[in-house]
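The structure appears below as structure tokens.
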Amino acid sequence: MLKLLPEWLKAGCAASIGGLLVFIVYSTLNTVWWLPAAEHRGRTIEAAEATAATNKAIGELSNAADQARVRRRLCSERGGVYDFAKGECHEVKPVDND
Numbered sequence: 182m183l184k185l186l187p188e189w190l191k192a193g194c195a196a197s198i199g200g201l202l203v204f205i206v207y208s209t210l211n212t213v214w215w216l217p218a219a220e221h222r223g224r225t226i227e228a229a230e231a232t233a234a235t236n237k238a239i240g241e242l243s244n245a246a247d248q249a250r251v252r253r254r255l256c257s258e259r260g261g262v263y264d265f266a267k268g269e270c271h272e273v274k275p276v277d278n279d
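To convert a position in the sequence shown, counted from 1, into the working numbering, add 181.
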């Protein structure tokens with residue numbers, strides 16, 4: 182049967198079969214090896230970014246809380262009343278007893 186086919190057709194069939202085999206091998210490697218590794222790396226990076234964002238937010242909240250505590254302490258040392266809702270110090274005006 183193969184003796185009846187021209188050489189160029191035999192070469193074309195061999196190239197097609199070889200290309201198909203290469204496609205099957207790379208598809209298998211991609212499915213079994215490369216995609217799970219890429220997904221794992223992606224999850225690791227996503228978790229690291231989430232942790233960094235959380236730590237940044239915690240730091241910002243901690244700084245804001247520290248600043249509010251300092252403002253409240255300074256306000257009370259000056260004899261004022263600190264309004265937590267507005268974040269302002271209302272200083273008490275002296276009473277004139279003339």
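For every residue, glycine included, the Cβ atom is placed at its ideal position computed from N, Cα and C.
Looking at the secondary structure, which residues open and close the beta strand (DSSP E) in which residue i lies?
{"i": "residue 262", "result": "262 to 264"}
{"i": "residue 269", "result": "269 to 271"}
How is the alpha helix (DSSP H) around residue i delimited, first residue to last?
{"i": "residue 214", "result": "First-last for residue 214: undefined, no H or E at that position."}
Excluding the five sequence neighbours on either side, which residues of its own chain have a C-beta within less than 6 Å of the C-beta of residue i, listed in chain order?
{"i": "residue 256", "result": "263 and 270"}
{"i": "residue 204", "result": "none"}
So residue i and residue j are in contact, right, with Cβ under 8 Å, and what is the actual spacing, rounded?
{"i": "residue 259", "j": "residue 272", "result": "6 Å"}
{"i": "residue 246", "j": "residue 268", "result": "Between residue 268 and residue 246 the Cβ distance is about 12 Å, and since that is not below 8 Å, they are no contact."}
Give every residue of the same chain whose Cβ lies closer than 8 Å to the Cβ of residue i, excluding the five residues on either side of it in the sequence, and list them in chain order.
{"i": "residue 219", "result": "none"}
Enumerate in chain order the residues of its own chain whose CB-to-CB distance from residue i is below 7 Å, with the five nearest sequence positions on each side excluded.
{"i": "residue 207", "result": "none"}
{"i": "residue 186", "result": "none"}
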